[in-house]
Amino acid sequence: RWDNRLNWSTEDLPGPIDGDSVDLAGNWVNYDGTTTLEDMDFGDGGRLTVNHGRLNIDGATMTDGNDSRLMIDDAGQVWVSGYEDEDVLNIDVDGGRFANTGDFDGTALLEVTDGQAILATSGARYDVSNGSTLDITGDDAKVGFDGADGDTAVLRLDEGGTLSFAAGEDGALGTIEEFRSGANGDAPVDVQSGVNLGQGALALDFSGIAGGASAHTLISVDQMVGTFSDIDVTGLAGNRDAELIFDYVNDQLTLQIGEAGTGSGQFNLSVNGEDQDELGLTALWDALTSDRAPLPDDHIADELRVNGELEDVVV
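The opening residue of the sequence shown carries number 381 in this note's numbering; numbering runs sequentially from there.
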């Protein structure tokens, strides 16, 4: 228990003194309170469960090994100012709120099923780096960007990073977009939101989608650029077709799924417009493309797999 002072080496609770930092030292801890820390170290295999209260980490978040885990549920909140560690941090958001206010480019496996995941507030960025994943299941969670001062807020994929969407129990798929989290009171959302697909991988799981025709918006932002290196589709029935649409004019990634019985298991790709700076939002373009490899302009994906079978990439 976080709120038992006898569990801490100093025999007092962290947070009251400005600049306090915490080392979980690999322990499994249940959080309680309202706390602002300088740094947070999970240690090797440390786990932190936050079901209520709010934890702010103003400095570095660190871990050792690949088994540390942050679990957020119910009314719990965790605000981090980025993550840069190469060791893996597992983050499960099944309620409450996870928010990133800095440069998040460490190795992380983020799984979102409910609650809120603010990937980037104003001035922040979330990079799905090599070996990292961002998994979104269903549409119960709000995932994306929030802020109130008009600054940029971006998601960028690196080659070797994976963005994954899976259908929930009701057959719905989630969306990465701007949303009003409530963290800024009644202020409307005011950010320049963007996504750079960055030659990362896309995984789509249709297993929970019902037999009727449906349309799903996977990404909707102010600026979408880049393409995927690999697209892996599972759960597409052999009697229905689907189409993934890269809409660079409206800056959306959308998925159209045909009615069962009207197709033959085909998965198609199409493009509307080009991934270029059509909006003239210089700050957003810079936030999306700085320190990035040149944007590809000749293809959508190198490899496409449908239910485990390698398919030709045809646009």
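For each residue, glycine too, the CB sits at the ideal point set by N, CA and C.
These numbers were taken from a predicted model, which means no experiment stands behind them.
1. Thinking just about the alpha-carbon of each residue, which of G439, D444, S573 is nearest to the one in F422?
2. Just to confirm, is the Cβ distance from G580 to D520 under 8 Å?
3. For T415 versus L428, is the C-beta spacing smaller than 8 Å?
4. Answer yes if the stretch 475-487 comes into contact with the stretch 448-461, meaning at least three C-beta pairs across the two stretches below 8 Å, and no otherwise.
5. Between S401, L664, R685, which lies nearest to G503 when the distance is taken from Cα to Cα?
6. Name the two residues that bound the continuous beta strand (DSSP E) containing D585.
7. Assess contact between the stretch 486-505 and the stretch 595-603, defined as three or more Cβ pairs (one per stretch) separated by less than 8 Å. Is contact present?
8. If you reduce the DSSP assignment to three classes, tell me which class W459 lands in.
9. Buried or exposed for V575, going by 16 or more other Cβ atoms inside 10 Å?
10. Taking just the CA atoms, how far does M420 sit from G426?
11. Using 10 angstroms around the beta-carbon of A547, count the other beta-carbons present and answer buried if the total reaches 16, otherwise exposed.
12. Y506 to G638, Cα distance in whole Å?
13. On a Cα-Cα basis, can you pick out the residue from G653, E654, Q632, A622 that is closest to G641?
14. Between N619, T597, V613, which has its C-alpha nearest D631's C-alpha?
15. By DSSP, does A488 sit in helix, in strand, or in coil?
16. Start and end of the beta strand (DSSP E) containing D424?
17. Is there contact here, the stretch 521-535 with the stretch 552-561, by at least three beta-carbon pairs under 8 Å?
18. Measuring only the C-alpha atoms, how far is G399 from T662?
19. Using a Cβ-Cβ cut-off of 8 Å (strictly less than) and excluding sequence neighbours within five positions of G530, which residues of its own chain qualify?
20. Kindly indicate which residue of D515, L535, V430 has the alpha-carbon position closest to the one of D666.
21. In angstroms, rounded to a whole number, what distance separates the CA positions of G395 and S509?
22. DSSP three-state label for A663, please.
23. Which residues share a DSSP beta bridge with Y506?
Checking against the coordinates, here is how it stands:
1. Nearest in C-alpha terms to F422, of all of G439, D444, S573, is D444.
2. Cβ atoms of G580 and D520: not closer than 8 Å.
3. No Cβ-Cβ contact shorter than 8 Å links T415 with L428.
4. With the cut-off at 8 Å, the stretch 448-461 and the stretch 475-487 touch.
5. Looking at the Cα atoms, L664 is the closest of the given residues.
6. 581-585 is the span of the beta strand (DSSP E), which, as asked, contains D585.
7. No, because fewer than three Cβ pairs between the stretch 486-505 and the stretch 595-603 fall closer than 8 Å, the two stretches do not touch.
8. W459: strand per DSSP, three-state reduction.
9. Counting C-beta atoms within 10 angstroms of its own C-beta, V575 has 16 or more neighbours from the protein chains shown and is therefore classed as buried.
10. Cα to Cα, the separation comes out at about 11 Å.
11. For A547, the number of other beta carbons within 10 angstroms of its own is at least 16, and it is reported as buried.
12. Cα to Cα, the separation comes out at about 33 Å.
13. Ranking G653, E654, Q632, A622 by Cα distance to G641 puts A622 first.
14. The closest CA to that of D631, considering only N619, T597, V613, is found on T597.
15. DSSP places A488 in strand when its eight states are reduced to three.
16. Element bounds for D424: 420-424.
17. Judged by Cβ distances under 8 Å, the stretch 521-535 makes contact with the stretch 552-561, as three or more pairs qualify.
18. If you take the alpha carbons of G399 and T662, they lie about 36 Å apart.
19. Excluding sequence neighbours, G530 sits near S502, D570, V571, Q572.
20. Ranking the options by Cα distance to D666, first place goes to L535.
21. Cα atoms of G395 and S509: separation of roughly 31 Å, rounded to the nearest angstrom.
22. Of the three classes helix, strand and coil, the one that applies to A663 here is helix, per DSSP.
23. In the DSSP output, where bridge partners are listed per residue, Y506 has F484, L535.
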